[in-house]
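Here is the structure we will look at.
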Amino acid sequence: MPVAQAEKLRTKTTLNIFNPEKGQEEFARTVEPMFNGGLTHRAYRILSSGQPRANGKATPNESEYFSISRKDGKESKGSRFLRRLDRRFYESLGREFDQDGLATSEAFYGSLLDATNEFKDYVQKTLFDGYGDILRSLNEVTLASTPAKLLRKVTGSGVDPRLKQESLTQSGLLLTAAELLAKMRSLPLLKDLSDVMDIFNETLFEGDAGKLTYKKTYALYDDENRVVGIDGKYVPNKLGTLDRSQFHWKEHTQASRVMPGVGPVMVDIAPKSIGSSIAKALRRAEEASQKNGDIEIDIAKSVKDVRRMRLVLLDSIDITDPKVDIAIQKVKTTLEQNYGSIEEIYRDDQINGTGDESDHIHFKRLKVKFKNAPDEVEIMFFDQVNFLMNDYSVGRLQTDNKNSSSEPGKLTGAAHELYERWRLIKIIKYLWPNGSDGFDLAGLEKLALQGYYDTALALKQEKRVSEEMAQRLYDRNRVTL
Numbered sequence: 037m038p039v040a041q042a043e044k045l046r047t048k049t050t051l052n053i054f055n056p057e058k059g060q061e062e063f064a065r066t067v068e069p070m071f072n073g074g075l076t077h078r079a080y081r082i083l084s085s086g087q088p089r090a091n092g093k094a095t096p097n098e099s100e101y102f103s104i105s106r107k108d109g110k111e112s113k114g115s116r117f118l119r120r121l122d123r124r125f126y127e128s129l130g131r132e133f134d135q136d137g138l139a140t141s142e143a144f145y146g147s148l149l150d151a152t153n154e155f156k157d158y159v160q161k162t163l164f165d166g167y168g169d170i171l172r173s174l175n176e177v178t179l180a181s182t183p184a185k186l187l188r189k190v191t192g193s194g195v196d197p198r199l200k201q202e203s204l205t206q207s208g209l210l211l212t213a214a215e216l217l218a219k220m221r222s223l224p225l226l227k228d229l230s231d232v233m234d235i236f237n238e239t240l241f242e243g244d245a246g247k248l249t250y251k252k253t254y255a256l257y258d259d260e261n262r263v264v265g266i267d268g269k270y271v272p273n274k275l276g277t278l279d280r281s282q283f284h285w286k287e288h289t290q291a292s293r294v295m296p297g298v299g300p301v302m303v304d305i306a307p308k309s310i311g312s313s314i315a316k317a318l319r320r321a322e323e324a325s326q327k328n329g330d331i332e333i334d335i336a337k338s339v340k341d342v343r344r345m346r347l348v349l350l351d352s353i354d355i356t357d358p359k360v361d362i363a364i365q366k367v368k369t370t371l372e373q374n375y376g377s378i379e380e381i382y383r384d385d386q387i388n389g390t391g392d393e394s395d396h397i398h399f400k401r402l403k404v405k406f407k408n409a410p411d412e413v414e415i416m417f418f419d420q421v422n423f424l425m426n427d428y429s430v431g432r433l434q435t436d437n438k439n440s441s442s443e444p445g446k447l448t449g450a451a452h453e454l455y456e457r458w459r460l461i462k463i464i465k466y467l468w469p470n471g472s473d474g475f476d477l478a479g480l481e482k483l484a485l486q487g488y489y490d491t492a493l494a495l496k497q498e499k500r501v502s503e504e505m506a507q508r509l510y511d512r513n514r515v516t517l
């Protein structure tokens with residue numbers, strides 16, 4: 037179809053693009069149309085060189101049209117042809133994701149390359165830190181810096197199968213990242229979050245903007261790294277009948293602001309990283325494929341919490357503490373009275389199973405819909421115990437108990453770092469379907485699983501106090517184990 041009349045394709049890719057047997061077909065369905073119509077078909081005729089055309093003339097060979105070598109100081113025919121392919125792709129990309137102008141679309145494509153490389157680095161460093169030499173992608177993949185070069189590597193002749201597969205993986209990640217970046221680049225949302233913090237500094241917290249105080253907390257953990265006591269606040273009597281070797285103390289120092297009527301509150305505002313968001317989209321597609329056969333990768337459905345704010349009440353040890361509700365009402369009233377860009381703000385404490393929340397963790401939250409922003413922002417309220425559980429709880433090993441919700445080999449704890457690693461382990465097969473240098477796919481998964489268990493052990497050891505300090509804490513809390 038002519039460029040001027042082309043509509044947005046909105047063709048979402050599926051997990052098939054990472055499949056060595058189905059990737060080429062998926063590429064033709066989702067990526068080829070981005071090059072727009074007849075020009076793409078001409079490219080494919082060239083790529084399948086050697087077949088005569090209807091007029092009996094030979095099809096120009098592949099090297100003639102895809103070579104960028106200069107001859108006699110003049111630009112090659114290949115350079116001009118590749119540039120035309122790139123232009124068509126950038127125009128389609130701009131229509132799809134509301135990028136204004138060719139230069140903006142080309143810059144957006146460059147950002148997508150950066151995002152996919154960030155994702156691969158994120159997976160590699162999270163699961164295989166120290167093994168970069170065997171997991172590094174072929175350099176030629178990252179050198180496919182334009183759409184036309186990627187097309188050449190996926191569909192052309194004389195390309196090694198590994199390079200074809202890694203180029204297909206790159207294509208799938210590019211399409212997945214495009215929708216994500218379009219969402220995360222919402223300038224109104226970034227401005228709104230900045231304005232919210234200014235309002236909190238002016239009307240909600242005591243002291244000067246950015247003025248922090250530091251609170252030290254000693255927490256008692258059991259052998260599953262669950263918080264069972266807070267120094268001076270909560271140490272249950274039942275601990276007196278248990279073996280002391282099953283417990284340990286950790287020391288936590290947290291920066292906070294003071295909210296009148298509530299006490300010290302730690303504020304955490306963090307955008308979900310590119311790597312984590314792409315991983316979540318692939319994992320959600322993987323879960324859906326196992327459940328109902330749906331293999332579409334859908335950022336809009338999978339990644340709704342792009343921006344999130346957490347408020348932790350450091351003096352509260354239970355989510356039912358009345359101060360939690362006081363804090364929620366103060367935040368809600370402050371925003372309603374002082375910020376005009378809010379379309380809607382409401383309570384939603386329900387864990388609906390579509391997010392990453394563990395049913396071991398309890399919190400309360402507000403959802404805020406800003407005007408002209410694509411998604412709601414969550415403001416989550418934690419007590420100290422549940423917040424620490426979210427960082428450190430390891431749990432125990434799941435076994436295959438014929439429960440459809442169980443995942444054998446997974447730890448039951450709520451620690452986010454463990455959840456992140458487990459999610460990545462489940463998508464290794466899409467990134468390295470044929471394994472890598474020195475490891476087959478099963479070997480890679482085994483290596484990543486060992487790192488997962490090593491992380492659990494490290495979480496148990498982190499921030500432990502000395503034996504002398506532990507004894508003083510036991511004595512101070514009158515706990516005999």
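Note that my numbering gives residue 142 to position 106 of the sequence shown, counting from 1, and the numbers run on in steps of one.
Note that the Cβ used here is the ideal one computed from N, Cα and C, for glycine as well.
Hey, could you find the ends of the beta strand (DSSP E) residue i is sitting in?
{"i": "Y257", "result": "249-257"}
{"i": "E414", "result": "413-419"}
{"i": "H398", "result": "First-last for H398: undefined, no H or E at that position."}
Do residue j and residue i count as a contact pair if the criterion is CB distance below 9 Å?
{"i": "L216", "j": "A317", "result": "yes"}
{"i": "L149", "j": "S181", "result": "yes"}
{"i": "I235", "j": "Y382", "result": "no"}
{"i": "P296", "j": "E332", "result": "no"}
{"i": "E414", "j": "L433", "result": "no"}
{"i": "Y466", "j": "F54", "result": "yes"}
{"i": "I464", "j": "L454", "result": "no"}
{"i": "V301", "j": "A213", "result": "no"}
{"i": "L347", "j": "F418", "result": "yes"}
{"i": "L187", "j": "F71", "result": "yes"}
{"i": "Q206", "j": "P56", "result": "no"}
{"i": "L35", "j": "W285", "result": "For residue 35 there is no data in the structure shown, the boundaries of the chain being 37 and 517."}
{"i": "S292", "j": "T239", "result": "no"}
{"i": "I520", "j": "K400", "result": "The first residue shown for the chain is 37 and the last is 517, placing residue 520 beyond what the model contains."}
{"i": "V195", "j": "V67", "result": "no"}
{"i": "Q420", "j": "T253", "result": "yes"}
{"i": "F155", "j": "I335", "result": "no"}
{"i": "G445", "j": "L485", "result": "yes"}
{"i": "E412", "j": "L51", "result": "no"}
{"i": "L211", "j": "K48", "result": "yes"}
{"i": "G130", "j": "L118", "result": "no"}
{"i": "P29", "j": "Y145", "result": "In the structure as shown, the chain starts at 37 and stops at 517, and residue 29 therefore has no counterpart that could be examined."}
{"i": "S313", "j": "M220", "result": "yes"}
Name, in chain order, the residues that DSSP records as bridge partners for residue i.
{"i": "E127", "result": "Paired residues: none, contrary to the question."}
{"i": "R120", "result": "Partner(s): none; R120 has no beta bridge."}
{"i": "Y382", "result": "K403"}
{"i": "L433", "result": "L447"}
{"i": "R500", "result": "K286"}
{"i": "S230", "result": "According to DSSP, which records beta bridges pairwise, S230 is partnered with nothing at all."}
{"i": "S352", "result": "According to DSSP, which records beta bridges pairwise, S352 is partnered with nothing at all."}
{"i": "T50", "result": "E332"}
{"i": "S472", "result": "F475"}
Would you kindly report the start and end of the unbroken alpha helix (DSSP H) that includes residue i?
{"i": "M220", "result": "197-220"}
{"i": "V263", "result": "Segment 263-266 is the beta strand (DSSP E) holding V263; no alpha helix (DSSP H) there."}
{"i": "W458", "result": "452-461"}
{"i": "A492", "result": "477-497"}
{"i": "P183", "result": "183-191"}
{"i": "N374", "result": "358-374"}
{"i": "Q507", "result": "503-512"}
{"i": "I464", "result": "464-467"}
{"i": "G59", "result": "59-66"}
Below 8 Å on the Cβ atoms is my contact criterion, and I expect residue i with residue j to pass it. Report the Cβ-Cβ distance as a whole number of Å.
{"i": "G265", "j": "A255", "result": "7 Å"}
{"i": "Q290", "j": "D258", "result": "Actually they are not in contact, since the Cβ atoms of Q290 and D258 sit about 21 Å apart, beyond 8 Å."}
{"i": "R457", "j": "T491", "result": "6 Å"}
{"i": "V298", "j": "L349", "result": "6 Å"}
{"i": "N261", "j": "Y488", "result": "Not quite, the Cβ-Cβ distance comes to about 14 Å (not below 8 Å), so this is no contact."}
{"i": "L460", "j": "A324", "result": "Rounded, the Cβ-Cβ distance is 17 Å, inconsistent with contact."}
{"i": "S147", "j": "Y126", "result": "S147 to Y126, Cβ: 13 Å. No contact."}
{"i": "N426", "j": "H452", "result": "6 Å"}
{"i": "E380", "j": "K405", "result": "4 Å"}
Less than 8 Å separating the Cβ of residue i from some heavy atom of the ligand GTP?
{"i": "G487", "result": "As presented, the structure is devoid of all ligands, the ligand GTP included, so that no description of it is given."}
Please tell me whether residue i has its Cβ less than 9 Å away from any Cβ of chain B.
{"i": "D165", "result": "Protein chains in the displayed structure number just one, and chain B is not present."}
Item to check | beta strand (DSSP E) runs contained entirely in the region 138-170, provided each spans 3 or more residues | outcome: none
Checklist entry - Quick one: complete beta strand (DSSP E) runs, 3+ long, within the region 271-348? => result 284-295, 299-307
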